[in-house]
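Take a look at the structure below.
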Amino acid sequence: SSGINAEYGGFLKKMATTPLYYTVNKYVNCNELRYGELVGREQFGNEYYENNGYFLGRNRWIQYNRPNWVVLKSDPSEVPPEWHRWLHYMTDDTPIDVPPVDQKFLMEHRANLTGTFAERYTPSTTTKPKIEAWDPNAPAKIE
């Protein structure tokens with residue numbers, strides 16, 4: 001009984017000390033209200049949480065930097081590879097505890113922006129078209 005009361009007490013304390021927009025944002029993203037220990041924050045401002053009182057597979061999660069008022073606006077490609085490893089149980093060590101080794105050939109992480117207007121895929125060709133489009137204003141060619 002005391003374990004259940006302590007768990008609810010921790011939940012209520014977290015709810016009372018967390019800004020309302022983060023609580024609403026968590027509910028919109030996860031369809032549930034969660035609380036846990038902040039284990040780290042990365043260069044993009046995303047926060048990573050863990051609560052081992054939840055089931056395995058549900059006990060680690062990310063709180064994105066920008067509040068997400070539109071469902072599914074946040075993009076999983078915003079998660080850097082070192083935090084992806086921790087979120088998906090490839091390692092139990094966070095990048096804060098065991099920093100990744102810098103390699104010269106690794107590029108800086110960048111989110112996938114294919115769906116955005118500025119970074120959209122625009123097909124282009126370098127071959128000359130075989131057929132020219134008719135231009136009504138072009139001068140007539142006499143052969």
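By the numbering used here, the letter at position 44 of the sequence shown is numbered 44, and the numbering carries on one by one without gaps.
From the three backbone atoms N, C-alpha and C, an ideal C-beta is built for every residue, glycine too.
Only a predicted model underlies this, so the values are computations on that prediction, with no experimental measurement involved.
TYR54 and VAL39 closer than 8 Å at C-beta: no
Spatial distance of SER1 from LYS104 (CA atoms): The predicted model places SER1 with a pLDDT of 46, which falls under 50 and marks its position as unreliable, so this point remains unresolved.
Selected residue, minimal CA-CA separation from PRO80, among THR127, ILE142, ASN112: ASN112
Beta-carbon proximity check, LEU33 vs ARG60, cutoff 8 Å: no
Residue burial classification, THR126 (beta-carbon count within 10 angstroms, cutoff 16): exposed
Segment limits, alpha helix (DSSP H) that includes LEU87: 81-87
Closest by C-alpha distance to THR114, when choosing among GLU37, THR122, GLU108: THR122
Environment of GLU132 [buried if 16+ CB atoms lie within 10 Å]: exposed
Contact under 8 Å by Cβ, PHE77 with TYR64: The question names Phe, but residue 77 is Ser in the sequence shown. Against a cut-off of 8 Å, the Cβ pair of TYR64 and SER77 comes out as no contact.
Same chain, Cβ closer than 6 Å to ASN46, five either side skipped, listed in chain order: ILE62, TYR64, ASN65
Contact check, PRO100 vs GLU82, beta carbons under 8 Å: yes
Cβ separation of TYR35 and ASN51, assumed to be a contact under 8 Å, to the nearest whole Å: 7 Å
Candidates ILE142, GLN43, TYR89, GLU42, of which the one nearest ARG58 by Cα: TYR89
Where THR91 falls, given that 16 or more other Cβ within 10 Å makes a residue buried: exposed
Neighbour-count burial assignment, THR94, 16 or more Cβ in a 10 Å radius: buried
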